[in-house]
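Q:
Protein chains in written order, with the numbering used here: chain A, 133 to 245; chain B, 20 to 135.
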């Protein structure tokens, strides 16, 4: 069964460094998403992406964040200058056209020191 | 704005007991989707069930069943004959139907502990 994959599974970085989180969505899906979950808290929407552009973003998704689909398979989330409060689990999700269910990857746990 | 509330933060049951997880939502949309996701200790988010707002028929799928009541804005989820492997955090989520990509709004989650 097709799955969303994410790399790396864990990343530790220093405050102020740039990080890129990578996702490979399910191959025939056209809608892509990033969510984050601060430890012990709810899952929060960051951004949705369709047809090579951002379709919706939350207040969390400020100028420090960007997304890109650099090729036909990868979907990336870049944090330009990480802050301590960016420490969280980041989930990528994808959805097929005309379907309602988003399928999530296993997450990348980011720790900013 | 959309909001999902899961009032139960933690539930503890003994194996084989039935358990119901509550979910109440707020939305101004007339058409929307409701979901339950499971997050086991390993951390991933696993899709369990989906319900459309225009279909209030309640269903059973194996040990899972759900009770969607539009009149009370509730979407409760029941596990019958719980097992230790059901121990996880369960999230209720809501998405609206729009062209912008159907972002999910999650509740705070209910941690279910099933003891042997």
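We put the CB at the ideal spot given by N, CA and C, even for glycine.
Is the CB of residue 244(A) under 9 Å away from at least one CB in chain B?
A: no
Q: By Cβ distance, which residues of its chain are closer than 8 Å to residue 60(B), with the 5 residues on each side in sequence left out?
A: 106, 107
Q: How would you list, in chain order, the residues of chain B whose beta-carbon sits under 7 Å from the beta-carbon of residue 222(A)?
A: Chain B residues near residue 222(A): none, gap ~11 Å exceeds 7 Å.
Q: So that I know if they touch, is there some Cβ in chain A lying closer than 9 Å to that of residue 71(B)?
A: Contacts with chain A at 9 Å (Cβ-Cβ) include residue 71(B).
Q: Could you name the residues that DSSP lists as bridge partners for residue 220(A)?
A: 242(A)
Q: Would you mind telling me which residues of chain E sit closer than 8 Å to residue 94(B), beta carbon to beta carbon, in chain order?
A: Absent here is chain E; the protein component of the structure consists of chains A and B.
Q: Under 8 Å Cβ to Cβ from residue 77(B), same chain only, skipping five residues before and after it: list those, please.
A: 84, 85, 86, 87
Q: What beta strand (DSSP E) runs, 3 residues minimum, are completely inside the segment 163-234 of chain A?
A: 163-169, 175-182, 185-189, 197-200, 207-211, 220-227
Q: In whole angstroms, what separates the C-alpha of residue 26(B) from that of residue 115(B)?
A: 22 Å
Q: Verify whether the separation of the beta carbon atoms of residue 214(A) and residue 152(A) is less than 9 Å.
A: no
Q: Between residue 159(A) and chain B, is there a C-beta pair that is closer than 9 Å?
A: no
Q: Tell me which same chain residues have a C-beta within less than 6 Å of the C-beta of residue 134(A), skipping the five on either side of it?
A: 158
Q: Take residue 80(B) as the anchor and find which of 74(B), 99(B), 63(B), 91(B) has the nearest alpha-carbon.
A: Considering only alpha carbons, the answer is 99(B).
Q: Mind checking if residue 63(B) is an interface residue toward chain A, Cβ cutoff 9 Å exclusive?
A: yes
Q: Taking the straight line between their C-alpha atoms, what separation do you get for residue 190(A) and residue 165(A)?
A: 11 Å
Q: Beta carbons nearer than 7 Å to chain B: which residues of the segment 172-203 of chain A have them?
A: 174, 175, 177, 180, 182, 187, 188
Q: In or out: residue 146(A) buried (at least 16 other Cβ within 10 Å) or exposed?
A: exposed
Q: State the DSSP-derived secondary structure class of residue 90(B), mapped to helix, strand or coil.
A: helix
Q: Can you tell me which of 51(B), 38(B), 35(B) puts its alpha carbon nearest to the alpha carbon of residue 92(B)?
A: Taking the Cα of residue 92(B) as reference, the smallest distance to any Cα among 51(B), 38(B), 35(B) is reached at 51(B).
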